[in-house]
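Colleague: Protein chains in written order, with my numbering: chain C, 1 to 169; chain D, 1 to 706. Where is the CB? At the ideal position from N, CA and C, for every residue including glycine.
1) Using three-state DSSP, classify residue 18/D as helix, strand or coil.
2) Tell me whether the beta-carbon of residue 118/C lies closer than 8 Å to the beta-carbon of residue 138/C.
3) Name the residues in the segment 337-363 of chain D whose C-beta lies less than 8 Å from a C-beta of chain C; which are they?
4) If you drop the 5 nearest sequence neighbours on each side, which residues of the same chain put their C-beta closer than 6 Å to that of residue 700/D?
5) Within the 8 Å Cβ cut-off, does residue 676/D reach chain C?
6) In whole angstroms, give me the CA-to-CA distance for residue 616/D and residue 460/D.
7) Whose C-alpha, out of 422/D, 628/D, 446/D, is nearest the C-alpha of residue 478/D?
8) How is residue 466/D classed by DSSP in three states: helix, strand or coil?
9) Please specify which runs of the alpha helix (DSSP H), each continuous and at least 4 residues long, are wholly inside the segment 583-639 of chain D, giving them in chain order.
10) Inspect the beta-carbon positions of residue 41/C and residue 109/C and report whether they are closer than 8 Å.
11) For a test of the three-state rule: what should DSSP assign to residue 101/C, helix, strand or coil?
12) Taking the C-alpha atoms as reference points, what is the distance between residue 511/D and residue 490/D?
13) Which residue comes first and which comes last in the alpha helix (DSSP H) that contains residue 341/D?
14) Which complete alpha helix (DSSP H) runs does the segment 25-74 of chain D hold, if anything under 4 residues is left out?
15) Is the shortest distance between the beta-carbon of residue 629/D and the beta-carbons of chain C less than 8 Å?
16) Quick check on residue 48/C: does DSSP put it in helix, strand or coil?
17) Can you find at least 3 beta carbon pairs, one from the segment 441-458 of chain D and one from the segment 394-412 of chain D, that sit closer than 8 Å?
18) Under 8 Å, with one C-beta from each stretch per pair, do the segment 689-700 of chain D and the segment 85-96 of chain C reach the 3-pair mark?
19) If the cut is a Cβ gap below 7 Å, which residues of chain D does residue 62/C touch?
20) Return the CA-CA distance between residue 235/D and residue 327/D, expressed in angstroms with no decimal places.
21) Per DSSP, what kind of secondary structure is residue 65/C in: helix, strand or coil?
22) Counting Cβ pairs, one atom from each stretch, are 3 or more of them under 8 Å apart for the segment 647-656 of chain D and the segment 561-576 of chain D?
23) Assign residue 434/D to one of two classes, buried (16 or more other C-beta atoms within 10 Å of its C-beta) or exposed (fewer than that).
24) What residue range does the beta strand (DSSP E) around residue 444/D cover?
25) The beta strand (DSSP E) spanning residue 99/D covers which residue range?
26) Residue 61/C and residue 674/D: beta carbons closer than 8 Å?
27) In whole angstroms, give me the CA-to-CA distance for residue 65/C and residue 696/D.
28) Put residue 23/D into one of helix, strand or coil per three-state DSSP.
29) If you follow the alpha helix (DSSP H) that residue 494/D is in, where does it begin and where does it stop?
30) According to DSSP, is residue 156/C part of a helix, a strand, or is it coil?
31) Output, in chain order, the set of chain D residues within a Cβ distance shorter than 9 Å of residue 161/C.
32) Please report the distance separating the alpha-carbon of residue 676/D from that of residue 670/D.
33) Beta-carbon separation of residue 126/D and residue 20/D under 8 Å?
34) Could you tell me the alpha carbon to alpha carbon distance between residue 75/D and residue 96/D, rounded to whole angstroms?
35) Within the chosen definition, does the segment 546-559 of chain D reach the segment 630-639 of chain D through at least 3 CB pairs nearer than 8 Å?
36) Label residue 109/D either buried or exposed according to how many other C-beta atoms from any shown protein chain fall within 10 Å of its C-beta, with 16 as the threshold for buried.
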């Protein structure tokens, strides 16, 4: 299937409302995608205030135009990728469950539409992520993209981002 | 209930609450022996507005009750009955029932009709007319009108305003409830509606008053009804009819107290007019008998003295229109944005600091101007959240009145500094503690009249509520001239409860004992107070607001309880401290002192815990870098700084690297997007845009112990 065909299909799927748009990002060698409607903005990584006695992957909090936003490094969480912080480190600010939070990833690659029929259920292995947090696997240009249920992931007890989750541990 | 009107419900609820509050305030201020005609009228107006509104929206229970209330008030203000203390009590009680009914309508719950019955009976009992209006069925709420209205034809001309116009269908449907309706379009956006029904003009106005300005419609009586009616217009927009049998009598009626009053028995026209200057409510045709008045065939009868009332009423109308209701969330959003602006300015200022002022003169002056403007803006925005403390004080006249009657004491309540402003959030939390204190003063502080006389004091006790600004804080005091605190009894009680007491302690050390939970020296428990809950709750509530409670008392002379509060919850006075690379904020009110200890001041206890010897006390030393696992610049207390904190009455010493400065910081929630963090009460944004955590001293101590 050629790229234009895929795009054509995707566009048609958007028109008919059967395809959602995704923001794709990389963690190590794997490519992940989150529902674009959950993404508020993308920004660089700077001025994070550390919080004591929290898991290492919680980098701390930042000031996002007056709002205190926690930052999670997914690379640390899933032990993948280089964990260097420089001018090119990308933070995706998410708006999930009426909260604002940021995730640090290796890089943001694309915005794409994935028609429902191209999404296959995830097998029980393969990704660093537990399959509970994976909506399915999509294929675009022959690349496999892991569709993450970001809402479920961020509210999970293992992320320790919310009070209820903390109590559950 | 018509859904068409439901969007105006909130307006009615808000207004009715204000009217009820106003009514209560006026009733409490009334001098029973010689009630001022103006005050009585004002009470009457408030009641009438509630009745008009509740009738319009179909809240019949409220309408019925206010009607009976109105009947009684009407008799009083017409001097047919003298005002008695019992009446004021009954009226206040009815006000409470109305408030409950209002709350039920607002919540959409059903008010138990039976519970209004006692109040209704009470009122009826007070109206002493043989077989008079009081004994009519409650649903006949038009007793203050003349004989039942015969069917009349009204002609209404209506020019909808493009912005506010409600669809004609809705309007017609609404009017159709009143009688038969006939609609004619008389040109572009102008309608003439003929309405025929056994109704009064004010019922039509009630329909219109919520959808259109006075200037957009006029109502006239189009048929030859023999009954002349007089329209009494009030500043709240609910019309009202007074019986007018003959002009002579009408002029003699004393209740003609300055409302517009058209009397012309011969005339068949009943006119209403648009008042262009005052599109809201004010309505004084007699001042402007101009062409716009519609078909004003009725010459306005202007009584002398009426014109002098007009400017006054106008002024209050203007005041009403000069304020708007805004959701608190919108104000908070503004405050957030302004906070951002201030921080952005700080960042800009930091950036240009490296530039040459001579080369970039305009940039520098621009930034300077930005600073002034954003500072002014911040102050103005913060002031939106500020409310006068009078809104809390206003509940006390009633409370004091009821309680003093119940306790058989004579009390005069004095309110001072009601206009003192403080943050809305604080005001809400201040009400409960103040109520506790006032009840305490009334029950335990002030003595019964006989005892007071025996002690050489006036029989009437004096209770003062006083508020004032003092520096960056607000001070609220509850002062009574009662018996004062009884030192012996407090000491004895404290011993009994096993609290440590030093016989030689000063009064200032003894008084705080009453803040201990469950501490009460009252000889007997009354249903007012004495159960020993209260003072500890007061203290806890005030401290949770970042404030303090102080007591001073002189036996036989009285007691003064002083509450000190920060002006606002959103801003905190803090000391910024540095540990390693990080900055933290310590609330200034928890800090006692800070110093660099000498080596001999530090000692270890069982080789693990360290203590600092300060002013004869050994305080446990907590190192912030250990608690928060930060790489410090120094681990040696003698190289760093020790800050002593007063936490829950106990003291601890906190070791930090450095003191950075004192700031007023805007408190931001950490839980909003993250979760609670032990030892941290919130976060703030520093001038450089970075986040700093605000330390919770009490939590730090328990943290270190676990």
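Modeller: According to the structure shown:
1) In this structure, residue 18/D counts as helix in the three-state DSSP scheme.
2) yes
3) 337, 339, 340, 343
4) 679
5) yes
6) 49 Å
7) 446/D
8) strand
9) 624-627
10) no
11) Judged by DSSP in its simplified three-state form, residue 101/C adopts strand.
12) Their Cα atoms are separated by approximately 8 Å.
13) 328-352
14) 37-56
15) yes
16) Coil.
17) A contact exists between the segment 441-458 of chain D and the segment 394-412 of chain D.
18) no
19) Per Cβ cutoff of 7 Å: 691.
20) With a pLDDT of 40 at residue 235/D, under the threshold of 50, the modelled position of that residue is not reliable, and the figure given next carries that caveat. Taking the straight line joining both Cα atoms gives about 25 Å.
21) coil
22) Contact fails between the segment 647-656 of chain D and the segment 561-576 of chain D, because fewer than three Cβ pairs, one in each stretch, are under 8 Å apart.
23) buried
24) Careful: residue 444/D lies outside any beta strand (DSSP E) and carries neither H nor E.
25) Careful: residue 99/D lies outside any beta strand (DSSP E), inside the alpha helix (DSSP H) at 85-107.
26) yes
27) Rounded to the nearest angstrom, the two C-alpha atoms are 24 Å apart.
28) helix
29) 487-496
30) coil
31) Going along chain D in sequence order, the residues near residue 161/C (Cβ under 9 Å) are 673, 674, 675.
32) 7 Å
33) Taking a C-beta distance under 8 Å as the contact criterion, residue 126/D and residue 20/D do not qualify as a contact pair.
34) 22 Å
35) no
36) exposed
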